[in-house]
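Asker: Dropping the structure in here first, questions after.
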Amino acid sequence: MILEAKVAIVTGGARGIGRGIALALAKEGATVAIADVRDATPVVDEIERRGGRATSDRCDIRQSGEVDAFVAQTAQAFGTVDILVNNAMAARVGVPISELTDSDIDLALTTGPTATLYFMRACYPHLVGKGRVINLRSGSEMSGIPGYTAYLAGKAAVAGITRNAAREWGRDGITVNAICPFALSESAQATFDASPGMLDAIYGQLSLPRTGDPEADIGRTVVFLAGPDASYITGCTIAVDGGGTFVS
Numbered sequence: 154m155i156l157e158a159k160v161a162i163v164t165g166g167a168r169g170i171g172r173g174i175a176l177a178l179a180k181e182g183a184t185v186a187i188a189d190v191r192d193a194t195p196v197v198d199e200i201e202r203r204g205g206r207a208t209s210d211r212c213d214i215r216q217s218g219e220v221d222a223f224v225a226q227t228a229q230a231f232g233t234v235d236i237l238v239n240n241a242m243a244a245r246v247g248v249p250i251s252e253l254t255d256s257d258i259d260l261a262l263t264t265g266p267t268a269t270l271y272f273m274r275a276c277y278p279h280l281v282g283k284g285r286v287i288n289l290r291s292g293s294e295m296s297g298i299p300g301y302t303a304y305l306a307g308k309a310a311v312a313g314i315t316r317n318a319a320r321e322w323g324r325d326g327i328t329v330n331a332i333c334p335f336a337l338s339e340s341a342q343a344t345f346d347a348s349p350g351m352l353d354a355i356y357g358q359l360s361l362p363r364t365g366d367p368e369a370d371i372g373r374t375v376v377f378l379a380g381p382d383a384s385y386i387t388g389c390t391i392a393v394d395g396g397g398t399f400v401s
């Protein structure tokens, strides 16, 4: 229970990787507040059945007012915010640059770097002195995937935010790190289903040819970065992808 008495916000925790992260944090004692446009009640119920504590509310992460309100109500209900996990992001993939619409670009950037900044800004007063921020990047930033430009632009911006915030907030007692995960979330599975052979090709490039488990692999890494053993780590990215990306 290394996160006992800690309060964590997880964006996009209703399913997939976000769900796994929420479950892992709660297992270690954290109270988890899930922000999602989807109904996260099943995840809250699962956490409570396991003996943990969680809550959820609808939040459109593209709207700064909704982000501010979610953070404020979380802090009011539980006293503070100790851990922020910026997991949620939406993007339309498989679209060449020449065919990107304004909406495609706007979606990736507003749910990625813009939402990350909204939550970091809102959580900052509560994080000072002991806070942890964990942002989600993509290993594909380094290699590139045709048709993923808007998505990867958003993820690369999150990488820059992570590094700069680590510099800016370190003296305030806040660590800021990132992970590059590989796991079969619902959205990832839909992409692979639409592109036969793509998943097998990825396995062929991995040192550990399997998909990561959202809770046991991705979630446990977030727990590490949020816990006491990572108190002297900041500005770093951990690739939790079976050796698909060697971040250096």
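In this text, residue positions in the sequence shown follow the working numbering: the first is 154, and each later residue adds one.
Ideal Cβ positions, reconstructed from N, Cα and C, are used throughout, including at glycine.
Predicted model, so just to flag it, every value in this text is computed and none were measured.
#1: Using alpha carbons as the reference points, say which of R274, G292 and K283 lies closest to Q358.
#2: Which residue's Cα is closest to the Cα of D370: P334, F345, S384 and R324?
#3: Does the beta-carbon distance from K283 to G232 come in below 7 angstroms?
#4: Tell me, please, whether the stretch 340-347 touches the stretch 294-307 by the rule of three or more beta-carbon pairs shorter than 8 angstroms.
#5: Let me know the secondary structure DSSP gives R203 once reduced to three states.
#6: Counting along the chain, where does the beta strand (DSSP E) carrying D235 start and finish?
#7: Should L112 and A183 be called a contact, given that it needs their Cβ atoms to be closer than 7 angstroms?
#8: According to DSSP, simplified to helix, strand and coil, what is A310?
#9: Using DSSP with H/G/I as helix, E/B as strand and the rest coil, what is I405?
#10: What residues are listed by DSSP as bridge partners for S360?
#11: Throw me the rounded Cβ distance for the G171 and A241 pair, which I believe falls under 8 angstroms.
#12: Just curious, the alpha helix (DSSP H) that A347 is in, first and last residue?
#13: Output the boundary residues of the alpha helix (DSSP H) element that contains R274.
Answerer: Taking the geometry as given:
#1: G292
#2: When C-alpha distances from D370 are compared across P334, F345, S384 and R324, the shortest belongs to P334.
#3: No, these two residues do not count as a Cβ contact at 7 angstroms.
#4: no
#5: coil
#6: Element bounds for D235: n/a, residue is neither H nor E.
#7: Here the chain comprises residues numbered 154 to 401, so residue 112 is not present and cannot be evaluated.
#8: Helix at A310.
#9: Nothing can be reported for residue 405, as the shown portion of the chain is limited to 154 through 401.
#10: Under DSSP, S360 takes part in no beta bridge, so it has no partner.
#11: The C-beta separation of G171 from A241 comes to about 7 angstroms, placing the pair in contact by the 8 angstroms criterion.
#12: E339 to A347
#13: A268 to L280
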